[in-house]
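The C-terminal position of the sequence shown is numbered 427 in numbering that gives the first Met the number 0, with every residue numbered one higher than the one before it. Notes follow once the structure below has been shown.
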Amino acid sequence: MTKRRFLLIGIAGIAVTFCCLAVWWFSTSSDIVEDSEPIEISLDIKEPTLLYGMVADNYLVVEDRIKRNQFLGDILQSYNVPASMIHQLSMLSRKVFDVRKIAPDKKYTLFCSNDSMRTAKAFVYEPNPIDYIIFHFGDSLSVDVCKREVIQVEKNVSGIINSTLSQTIEELGISPELTNKFVDIFAWQVDFQRLQKGDKFKLIYEESQVEGNTVGITQIKAIYFEHFGSDYYAFPFDQGDGIDYFDDRGKSLRKALLKYPIEFTRISSRYSGKRFHPVRKVYRAHLGTDFAAPTGTPIRSVGDGIVVEAQYKSANGNYVKIRHNGTYTTQYLHMSRIADGVRSGTRVRQGQTIGYVGSTGLATGPHLCYRFWKNGRQVDALHVELPPSEPIKEGYKDAFDSVKVELIERLNQIPMPVMKEDPIASLQ
Numbered sequence: 000m001t002k003r004r005f006l007l008i009g010i011a012g013i014a015v016t017f018c019c020l021a022v023w024w025f026s027t028s029s030d031i032v033e034d035s036e037p038i039e040i041s042l043d044i045k046e047p048t049l050l051y052g053m054v055a056d057n058y059l060v061v062e063d064r065i066k067r068n069q070f071l072g073d074i075l076q077s078y079n080v081p082a083s084m085i086h087q088l089s090m091l092s093r094k095v096f097d098v099r100k101i102a103p104d105k106k107y108t109l110f111c112s113n114d115s116m117r118t119a120k121a122f123v124y125e126p127n128p129i130d131y132i133i134f135h136f137g138d139s140l141s142v143d144v145c146k147r148e149v150i151q152v153e154k155n156v157s158g159i160i161n162s163t164l165s166q167t168i169e170e171l172g173i174s175p176e177l178t179n180k181f182v183d184i185f186a187w188q189v190d191f192q193r194l195q196k197g198d199k200f201k202l203i204y205e206e207s208q209v210e211g212n213t214v215g216i217t218q219i220k221a222i223y224f225e226h227f228g229s230d231y232y233a234f235p236f237d238q239g240d241g242i243d244y245f246d247d248r249g250k251s252l253r254k255a256l257l258k259y260p261i262e263f264t265r266i267s268s269r270y271s272g273k274r275f276h277p278v279r280k281v282y283r284a285h286l287g288t289d290f291a292a293p294t295g296t297p298i299r300s301v302g303d304g305i306v307v308e309a310q311y312k313s314a315n316g317n318y319v320k321i322r323h324n325g326t327y328t329t330q331y332l333h334m335s336r337i338a339d340g341v342r343s344g345t346r347v348r349q350g351q352t353i354g355y356v357g358s359t360g361l362a363t364g365p366h367l368c369y370r371f372w373k374n375g376r377q378v379d380a381l382h383v384e385l386p387p388s389e390p391i392k393e394g395y396k397d398a399f400d401s402v403k404v405e406l407i408e409r410l411n412q413i414p415m416p417v418m419k420e421d422p423i424a425s426l427q
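Listed below in structure tokens is the structure:
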């Protein structure tokens with residue numbers, strides 16, 4: 000009996016001790032939980048890489064450029080796209096993009112399966128820095144034409160010419176397109192083949208940018224040009240029938256015809272009553288102006304008119320002749336080819352591409368021979384007197400003066416670099 004009592008007392012003691020320990024443990028654990036701070040765990044989660052709206056991480060991405068004489072089918076078949084699917088895709092795309100227009104040296108991107116087969120799942124073609132076309136080869140075929148966002152950025156530039164305008168602008172890293180627009184505006188006021196060292200210019204212009212890269216010159220907004228000590232200004236203004244450029248007196252800088260049939264380039268031979276012919280090896284009259292340019296350079300009609308001849312002749316090569324009105328007719332010789340749709344009877348617009356520079360006919364190298372008739376007689380195209388376009392109308396003079404004053408003030412604020420021995424300019 001005594002042993003049993005001691006056993007019960009021992010068990011009870013152990014139980015009490017255990018309860019006390021349990022109370023102490025939970026109370027201290029509660030304190031620890033209440034006093035502790037939450038632990039922040041930093042996970043390195045990589046954002047998905049988006050390319051043309053697709054998650055590039057899911058694919059093997061291949062970038063390249065179209066090779067000469069390479070077609071869409073050539074590329075896709077090498078990435079396991081069956082010929083039947085390529086045919087369906089080319090037919091499907093015709094309404095939005097003709098795959099026959101895929102051109103050499105243009106960028107393309109392939110999205111391929113991430114396995115040993117490397118099967119193409121999508122093809123992206125970029126005809127220019129703004130547009131891109133996506134061909135999808137998923138469960139269903141589709142073609143999407145997309146555009147990147149284009150923003151307009153205004154810029155200022157000034158320079159002092161030491162040799163040529165184009166060289167000065169090129170050394171600034173600016174697109175030659177700015178030179179071409181500059182020359183077109185002042186084409187009838189300034190002979191850009193005979194600029195003087197020390198001629199100065201200031202420009203305010205607007206350029207188009209895509210993802211921080213310049214893709215084109217949108218518009219020249221103001222020009223100051225000092226040439227042979229004379230000041231020339233140009234300001235764009237719309238009188239209700241489109242933008243034209245006017246000088247500081249409100250006179251139009253545009254003539255009825257463009258001065259140059261191609262974007263500004265080197266004149267290799269001028270109009271002359273006597274010139275040694277490089278092919279015939281005799282002296283004879285050269286009743287035209289030769290512009291040296293690479294094969295394929297677009298040739299533009301200098302004015303509205305009707306094509307009266309578009310054909311090939313042994314001496315002229317491929318050529319086009321245009322009657323602009325009862326007074327003026329122009330002719331364009333030695334084309335590599337005549338532009339599509341240009342034939343006798345076709346009506347063309349000023350600036351429209353009518354052909355491409357070549358060396359067909361009697362020619363020693365690629366160039367354009369440009370000929371000009373006034374009242375049925377051939378004359379020097381670069382020195383013919385043309386009637387100016389309409390000046391600022393009376394009802395628009397106040398508005399034009401307001402625009403002009405503001406732009407002159409802004410031009411005056413552009414610093415001019417100091418003249419040095421080397422070609423210099425400044426860009427803002």
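Where a beta carbon is used, it is the ideal one built from N, C-alpha and C, also for glycine. Note that the structure is a prediction, hence the values are computed from the model and not measured.
Check	Outcome
Could you pull out every residue in the same chain whose Cβ sits closer than 6 Å to the Cβ of Ser29, ignoring the five residues on either side in sequence?	Any reading at Ser29 must be qualified, since the residue scores a pLDDT of 47, below 50, and its modelled position is unreliable; no value is offered.
Quick check: Gln351 and Arg299, are their CB atoms within less than 8 Å of each other?	yes
At the level of alpha carbons, what is the spacing between Leu171 and Ile159?	12 Å
Is the stretch 66-73 touching the stretch 97-114 in the sense that three or more CB pairs, one from each, lie closer than 8 Å?	yes
Can you name, in chain order, every residue of its own chain whose Cβ lies under 6 Å from the Cβ of Cys145, other than the five neighbours on each side?	Tyr131
Quick test of the definition: if touching needs 3 or more C-beta pairs under 8 Å, does the stretch 235-243 touch the stretch 187-204?	no
Residues bridged to Met334 by DSSP?	Asn317 and Val356
Where Gln166 and Leu202 are concerned, what is the direct C-alpha to C-alpha distance, given to the nearest angstrom?	16 Å
Buried or exposed: Arg370, going by 16 or more other Cβ atoms within 10 Å of its Cβ?	buried
Pull up the distance between the alpha-carbon of Val61 and that of Gly137, whole angstroms please.	18 Å
Rounded to whole angstroms, what's the CA-CA distance from His135 to Met84? Just pull it up for me.	11 Å
For Glu408, which three-state DSSP category applies?	helix
On a Cα-Cα basis, can you pick out the residue from Lys180, Val189 and Gln330 that is closest to Tyr204?	Lys180
Tell me which residue opens and which closes the alpha helix (DSSP H) that Ala291 is part of.	Careful: Ala291 lies outside any alpha helix (DSSP H), inside the beta strand (DSSP E) at Thr288 to Ala291.
Could you please give the first and the last residue of the uninterrupted alpha helix (DSSP H) stretch that includes Pro386?	No alpha helix (DSSP H) contains Pro386, which DSSP labels as neither H nor E.
Would you mind stating whether Leu257 and Ala186 have Cβ atoms separated by less than 8 Å?	yes
From Thr108 to Thr264, what does the alpha carbon distance come to, in whole angstroms?	35 Å
Tell me the DSSP secondary structure of Gly72 in three-state form.	helix
Just to confirm before moving on: does the CB-CB distance between Ala119 and Asn79 stay below 8 Å?	yes
Taking the beta carbon of Met116 as the centre, do at least 16 other beta carbons fall within 10 Å, making it buried, or is it exposed?	exposed
For Glu210, which of helix, strand or coil comes out of DSSP?	coil
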